[in-house]
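What follows is one structure encoded as structure tokens, with my remarks underneath.
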């Protein structure tokens, strides 16, 4: 079975600092990969996705992620964090023949002024 | 903008009662998913539909849970004889079928509290 690991439960950064959230997946072939953000009381919103092609993908709100097959990783980055980025971030993956994404447990981002 | 709509947003019930949640997906989406999310955890898959057919169910979906999607439009998730362990956020999502990017669009969820 597929699994997604987000090793950091909480990340604290200062406003304006750079950010990297880690995600590792387990899947033999190239998975479809996603990052979602969830603000308190809200549903999940898609930030970006990777299916094939360029391993560096750009998303909304200034986020980007890089697919590294050798490390089975799909880390999310942002060069300068804003206070409004404080939220829960979820990485998800699904296999090419599956329509059911598996989610990680999430990383809670705290932004200090 | 007609995104995924879920009702009710909050439900408080006593143990042993039945509850039903409704999900209205994005109109052209043929796939519909139910996930459960507990505090500090990511969404856990429960079941999904392609049109009106329920194609897969998780082992998390005990026999007290039933989901339907009549006519391939809205869906309902019913929990019978609720238990305190059923307290969670129930998320509905929809997506376009094969050949598309396949990302899920989520509703805001229905939070269940079982007393």
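Residue numbers (my numbering), protein chains in the order written: chain A, 555 to 667; chain B, 118 to 232.
The C-beta atom is built at its ideal place from N, Cα and C for all residues, glycine as well.
Being a predicted model, the structure only gives us computed values, none of them experimental.
Quick one: what's residue i bridged to in DSSP?
i, result
"residue 629/A", "620/A"
"residue 128/B", "229/B"
"residue 661/A", "643/A"
"residue 173/B", "165/B"
"residue 184/B", "194/B"
"residue 121/B", "BP columns for residue 121/B are empty, so no partner."
"residue 211/B", "149/B and 222/B"
"residue 666/A", "568/A"
"residue 583/A", "Paired residue(s): none; residue 583/A is not in a bridge."
"residue 205/B", "229/B"
Give the interface partners of residue i over in chain A, defined as CB-CB distance under 8 angstroms, in chain order.
i, result
"residue 236/B", "The shown model of chain B, from 118 to 232, leaves out residue 236/B, and the question about it has no answer."
"residue 134/B", "Those within 8 angstroms of residue 134/B in chain A number zero; the least Cβ separation is about 24 angstroms."
Among the residues of its own chain, which have a CB less than 8 angstroms from the CB of residue i, if the five just before and after it don't count?
i, result
"residue 213/B", "145, 146, 147, 148 and 219"
"residue 562/A", "575, 576 and 661"
"residue 654/A", "648"
Terminal residues of the continuous beta strand (DSSP E) containing residue i?
i, result
"residue 578/A", "578-580"
"residue 89/B", "Any property of residue 89/B remains undetermined from this structure, which presents chain B solely from 118 to 232."
"residue 564/A", "564-568"
"residue 588/A", "586-592"
"residue 151/B", "148-154"
"residue 612/A", "610-612"
"residue 199/B", "Taken as a continuous stretch (DSSP letters only), residue 199/B belongs to no beta strand (DSSP E), as it is neither H nor E."
"residue 599/A", "598-604"
"residue 573/A", "573-575"
Is any heavy atom in the ligand FAD found nearer than 8 angstroms to the beta carbon of residue i?
i, result
"residue 608/A", "In terms of ligand content, the structure shown is empty, and the ligand FAD therefore cannot be addressed."
With a threshold of 7 angstroms on Cβ separation, who are the neighbours of residue i within its own chain once the five nearest residues in sequence on each side are excluded?
i, result
"residue 207/B", "138, 151, 153, 194, 226, 227 and 229"
"residue 558/A", "577, 579, 645, 646, 647, 656, 657 and 658"
"residue 133/B", "198 and 199"
"residue 641/A", "591, 592, 593 and 663"
"residue 610/A", "618 and 620"
"residue 155/B", "205"
Output, in chain order, the set of chain A residues within a Cβ distance shorter than 7 angstroms of residue i.
i, result
"residue 90/B", "This structure leaves residue 90/B out entirely; chain B is present only between 118 and 232."
"residue 240/B", "Outside the displayed span of chain B (118 to 232) sits residue 240/B, for which this structure offers no information."
"residue 173/B", "654"
Using a C-beta to C-beta distance shorter than 9 angstroms, which residues of chain A count as neighbours of residue i?
i, result
"residue 208/B", "597 and 598"
"residue 235/B", "Lying outside 118 to 232, the shown extent of chain B, residue 235/B is not represented and no answer is given."
Closer than 7 angstroms by beta-carbon distance: list the chain B residues that pair up with residue i, in chain order.
i, result
"residue 655/A", "221"
Once you ignore the five residues that flank residue i on each side, which residues in its own chain have a CB closer than 6 angstroms to its CB?
i, result
"residue 566/A", "664"
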